[in-house]
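K.L.:
Protein chains in written order, with the working numbering: chain C, 1 to 479; chain S, 480 to 965.
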Amino acid sequence: MNWEIVIGLETHAQLSTASKMFSGASTAFGAPPNTQASAVDIALPGVLPVANRSAVERAIRFGLAIGGEKVINRRSVFARKNYFYPDLPKGYQISQYELPIVKGGEIRILTKSGEKVIRLTRAHLEEDTGKSLHEDFHGMSGIDLNRTGVPLLEIVSEPEMRSAEEAVAYAKTLHSLVRWIDICDGNMQEGSFRCDANVSVRRPGAPLGTRCEIKNLNSFRFIERAIEFEAKRQIEILENGGKIVQETRLYDPDKDETRPMRTKEEAHDYRYFPDPDLLPLEVSEEWLEGEREKLPELPQAKRDRFQREYGLSPYDANLLTETREKAEYFEATRKLLKGPSPKTVANWVNGELSALLNEHGVGFSQILIEQKAFANLLDRIHDGTISANAGKEVLHGMAGGEGTADEIIEKRGLKQISDAGEIEKIVDQVLAANAKQAEDYRAGKEKAFNSLVGQVMKATQGKANPAQVNEILKRKLAG
Amino acid sequence: MLNASLKELAGALAQKKISSVELTQLFLNRIEKLNPALNAFITVDAQKSLAQAHTADERIAKGGAQPLAGIPVAHKDIFVTKGWLTTCGSKILSNFTGPYDANVIERFNDAGAVILGKTNMDEFAMGSSTETSFYGPVRNPWGQAYVPGGSSGGSAAAVAARMAPAATGTDTGGSIRQPAALSGLSGLKPTYGLVSRYGMIAFASSLDQGGPIAKSAEDLALLLNVMAGFDARDSTSVERTREDYVRDLEKPLAGLRIGVPKEHFGEGLAADVGKAVEAALAQLEKLGAKRVPIGLPSSGLSVPAYYVIAPAEASSNLSRYDGVRYGHRAKEYSDLADMYRKTRAEGFGAEVRRRILIGTYVLSHGYYDAYYVKAQKIRRLIANDFAEAFKLCDLVVGPTTPTVAFKIGAKAADPVQMYLNDLYTIPANLAGLPGMSIPCGFGRDNLPVGLHIVGNYFSEAKMLNVAHQYQKATDWHKREPAGIQS
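#1: What are the start and end residues of each continuous beta strand (DSSP E) run of 3 or more residues lying completely inside the region 510-540 of chain S, in chain order?
#2: So what does DSSP say about N82/C, is it helix, strand or coil?
#3: On a CA-only basis, which of A301/C, K425/C, P151/C is nearest I66/C? Give me that one, please.
#4: Of all the CB atoms in chain S, is at least one closer than 8 Å to the CB of V283/C?
#5: Is it the case that the Cβ atoms of A37/C and T27/C are separated by a distance below 8 Å?
#6: Hey, could you find the ends of the alpha helix (DSSP H) G454/C is sitting in?
#7: Suppose contacts are defined by Cβ-Cβ distances below 8 Å. Is L692/S in contact with A660/S by that definition?
#8: For G30/C and chain S, any beta-carbon pair shorter than 8 Å?
#9: How about Y92/C: is its C-beta nearer than 8 Å to some C-beta of chain S?
#10: Show which residues of chain C have a CB atom less than 7 Å away from the CB atom of E792/S.
#11: Give a yes or no on whether the C-beta atoms belonging to I118/C and S132/C are separated by under 8 Å.
#12: Using a Cβ-Cβ distance cut-off of 8 Å, determine whether A43/C contacts chain S.
#13: Return the residue from the list E610/S, D848/S, L481/S that minimises the CA-CA distance to Y625/S.
#14: Give, in chain order, every residue of the region 48-79 of chain C whose Cβ lies closer than 9 Å to some Cβ of chain S.
#15: How should L836/S be labelled, buried or exposed, when 16 other C-beta atoms within 10 angstroms of its C-beta is the threshold for buried?
#16: Measure from the C-beta of C567/S to each C-beta in chain C and report whether the shortest distance is under 8 Å.
#17: Run through DSSP, which three-state label would I63/C get?
#18: If the cut is a Cβ gap below 9 Å, which residues of chain C does P894/S touch?
#19: Contact check, C919/S vs V756/S under 8 Å by CB: the rounded distance?
#20: At what residues does the beta strand (DSSP E) containing T121/C begin and finish?
#21: Tell me which residue opens and which closes the alpha helix (DSSP H) that M480/S is part of.
#22: For R303/C and chain S, any beta-carbon pair shorter than 8 Å?
#23: On the DSSP bridge assignment, give the partners of H947/S in chain order.
#24: Do you know offhand how far F865/S's Cα is from K853/S's?
#25: Answer yes or no: does any C-beta atom of chain S fall closer than 8 Å to that of L279/C?
#26: Just the Cα atoms here: how many angstroms apart are D727/S and N582/S?
#27: Output the distance between the C-alpha atoms of K264/C and Y85/C, rounded to the nearest integer angstrom.
#28: Could you name the residues of chain S that N82/C contacts, counting a contact when the two beta carbons are closer than 9 Å?
#29: Assuming contact is defined by CB atoms lying nearer than 8 Å, are Q657/S and T879/S in contact in what I supplied?
#30: Who are the neighbours of V803/S on chain C, taking C-beta pairs under 8 Å?
#31: How long is the line joining the alpha carbons of M161/C and A51/C, rounded to whole angstroms?
#32: Could you tell me the alpha carbon to alpha carbon distance between Y579/S and T560/S, rounded to whole angstroms?
#33: Output yes or no for whether 8 Å exceeds the beta carbon distance between V928/S and A907/S.
#34: Do the region 305-321 of chain C and the region 338-349 of chain C touch if we need at least three Cβ pairs shorter than 8 Å?
#35: F137/C: buried (16+ other C-beta within 10 angstroms of its C-beta) or exposed?
#36: Of the choices I557/S, A940/S, S798/S, whose alpha-carbon is the least far from that of D87/C?
Here you go:
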């Protein structure tokens, strides 16, 4: 009998505000320790929190993006989560507990087996804790409070993913969405987007098994590896007649395994209660409307429209909408073109151009090649001036600053031979010199044809228009 | 000068009859003389005060200074004060110098007032006698064997003994009104949200409110003019148009309806207090007020509800005192948990530890609904009681405390008896309403009795008006403690 893996993800997206959730201190990453900790962050006696409006706005936009206004609580409440730890200066973390700002919503993901809807439980605002550094302090711990109070949106999914692949697809879709709507920079190395995975296994149809939570997964690969390891670990225990202990675990990428985490407090009674320093967060209809107006066309809407308007496959549409910049680049390029089909443009954007940008370590936000120049290149391929292969070479030349497509084609002599008379002459020469292969082909050996095409291309240094070569060869051989 | 009202002091300063430096020195001398016995001040820094007085004199010389310019004011040691030791009456903050000014301090500084010193208080404002201070008990100027009330007992004793013309306090369950009553002073706890809590060290955030303690309602009005106002750094601060609290002082009381709650005149009220309060009610009637019997049926639930909500919030508010970043830290410890345990066991006194334990308990999993949630419901019932009452009357009037001042040590061993001291004052905190106490006579052992006035939200001007008219017709507020007369 097989096992079913059940996964729910809790994602912490750092909201891209200039100042912290409840103080005016900067949120910039990488400052020297404790230089971005204000009186409020240090929790001096007498200081009070004031909620950051920009953070709330971002949470509202997220809610609108994943479920519309029905998922936004018009009244949500900040609560205190009480526990002692040196990197938690107040002795409590301000979070939303019983009444989060977003309740419900969904994310549509695409996997090999098609589209799937993952429902969200909630998304709530909270403040990050500081950092404890346990090394290099001669047996003591160092505390850095720069991260203390940085605004987070914790996004909690229902346990509806059934494989590591689905979990990664969900995380990627969510990652793309938060950047798309400009609420989080998505920088996973800096911890701006990190996931906790709740993993359990069960026999299909059985009630949910005991889960373990794997904390702080900060790359898609780690999410995948950690879930796979954890599921395997749990299945082994259960198959050997053991029981799963509910616990928090940490993934170690070096050893590629999860192991139990040292807990911050022995007993987990956080004694949540509404923070009396903060009034309930009220979201008016006007505020909601204002945030809605700030939202761009959402990735899901764009995906659907790309399929509808341009006849693209779900796969292509999904790939194009990985980032808002990529989708916009595609659409801008396509609008400049009449000849090439949207599918061709999509293939080039998703394929060669994406690969090239990757090589250069840039994204579609830093435009390496202007859409107009790129469109011009696609036109040259479409009108037969150059072959698709030569097109790739031209693209690299453009990225290297060698000039426009036309200049590079000229400079490198990449123009293909589309003169039927000239190709015919060369075909005749090749047939004369390879009578044996021509004979083989006529006798039914299809492979011989490819060899003849190769000879023609070789004779023209690859510049002959392949379609024309095929057509002329076939005609001659048939004659 | 020691007995002068704030208006008189302002006049003397404006007419150059006295300089702020001289006035400040006068009170500093008085502190030097009386404080060793009364222990009303934790910190006095003559140099700092006189420097501020000097600046005030320059301001006054230029003309156009504000009403409180140059007048020394003592501040409860709960207000964080830049450059001043700010202890909150606790060992855990006994080495903490304020790195910034509380909003209340800023406002007094902006008005040109002089910081006269930081007054003693119950540790973290938890107490009704100022006996829980790490710095020792404060003695009541009306009888040094007696408590001055608390938690703002240092402020009350300072003003009662004429060591300060006026002082600030904070009131979470009666901590301004009860010491005002027990020390023969006028004290006002404004509507919750009127005075910023920024820099006022938190005890129970949803109940804490800063306010003035002074010799008269007129003084209170002048002080409230400085203290009240919106502050964006306190999310519970209320944004509303500025008021002049002096404006209505002289209004006649004809037609005023004073509600007298039967629940505040029942069992537990000492006869001497009841008698003085009855006389005060009669006096108000003589001034044109009409007496309306009212009920506050949920009154009896207020003490239990308060002793769930206040400790719950306190247990969380006081978590920041962990020895990590500032304040007292235990000298020796084996690991982090041990450091926390020892630091907090050494740093907090018995009453604070008791309330942290109660608060932690009532917020615990499985008890939260039975205690905290229920207490919040009671809180709403109490607010509703007042809402009903204010349909029948303009102000609710009664005794501030069930008894006059008790002896130091008399209730220290029995927390419940101590807690019952705030029986009449707590409801206003739970409802967020303004409350005030003014002297209305003397009881046993010639100790002062306080008259309690509770108004509707933001009705401070009306309350001050009534108190001022009462004080124009009586002289209780002008009486001075015997033996330390100025």
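Just so it is clear, CB atoms sit at the ideal spot from N, CA and C, and this is done for glycine as well. Predicted model only: the values in this text are computed from it and were never measured.
P.N.:
So, from the listed chains and residues:
#1: Counting only runs of 3 or more, we get 520-522.
#2: In the three-state DSSP reduction, N82/C falls in the strand class (E or B).
#3: It is A301/C whose Cα lies nearest to the Cα of I66/C.
#4: Not one chain S Cβ lies under 8 Å of V283/C.
#5: No; because the gap between Cβ atoms is not below 8 Å, this pair is not in contact.
#6: First-last of the alpha helix (DSSP H) with G454/C: 447-459.
#7: Reading off the sequence shown, one finds Ile at residue 692/S, where the question assumed Leu. No, the Cβ-Cβ distance between I692/S and A660/S is not below 8 Å.
#8: Chain S, which has no Cβ nearer than 8 Å to the Cβ of G30/C, makes this no.
#9: Judged by the 8 Å Cβ criterion, Y92/C is in contact with chain S.
#10: Per Cβ cutoff of 7 Å: P276.
#11: No, Cβ-Cβ distance for I118/C and S132/C is not below 8 Å.
#12: It does; some Cβ of chain S falls within 8 Å.
#13: Closest by alpha carbon: E610/S.
#14: Going along the region 48-79 of chain C in chain order, one finds L48, P49, V50, A51 with a Cβ nearer than 9 Å to chain S.
#15: That one is exposed.
#16: For C567/S, the answer is yes, since a Cβ of chain C falls inside 8 Å of its Cβ.
#17: For the sequence presented, residue 63/C should be read as Gly rather than Ile. Correct three-state label for G63/C: helix.
#18: Correct list: empty, because the minimum Cβ distance to chain C is about 22 Å.
#19: Rounded to whole angstroms, the Cβ separation of C919/S and V756/S is 6 Å, and the two are in contact under 8 Å.
#20: Segment 114-127, the beta strand (DSSP E) holding T121/C.
#21: Boundaries for M480/S: no alpha helix (DSSP H) harbours it, and the DSSP string shows neither H nor E there.
#22: Cβ-Cβ to chain S under 8 Å: no for R303/C.
#23: H947/S is not bridged to any residue.
#24: Looking at the two C-alpha atoms, the distance is approximately 19 Å.
#25: Among the residues facing chain S, L279/C is included, as its CB has a counterpart in that chain under 8 Å away.
#26: Each residue's CA atom was taken as its position, placing D727/S and N582/S some 26 Å apart.
#27: Because the pLDDT of K264/C is 47, which lies under 50, any placement of that residue in the model is unreliable, and the question is left without a value.
#28: Residues of chain S with a Cβ closer than 9 Å to the Cβ of N82/C are, in chain order, S794, S795, S798, T839, L842.
#29: Taking the C-beta atoms as reference points, T879/S is found nearer than 8 Å to Q657/S.
#30: Within 8 Å Cβ-Cβ: P86, P89, I143.
#31: Cα to Cα, the separation comes out at about 34 Å.
#32: Approximately 6 Å between the Cα atoms of the pair.
#33: For the pair V928/S and A907/S, the CB atoms are not nearer than the 8 Å cut-off.
#34: In short, these stretches touch, since the Cβ pair count reaches three.
#35: Taking all protein chains shown into account, F137/C has fewer than 16 neighbouring C-beta atoms within 10 Å of its C-beta and is therefore exposed.
#36: Of the candidates I557/S, A940/S, S798/S, the one whose C-alpha sits nearest the C-alpha of D87/C is S798/S.
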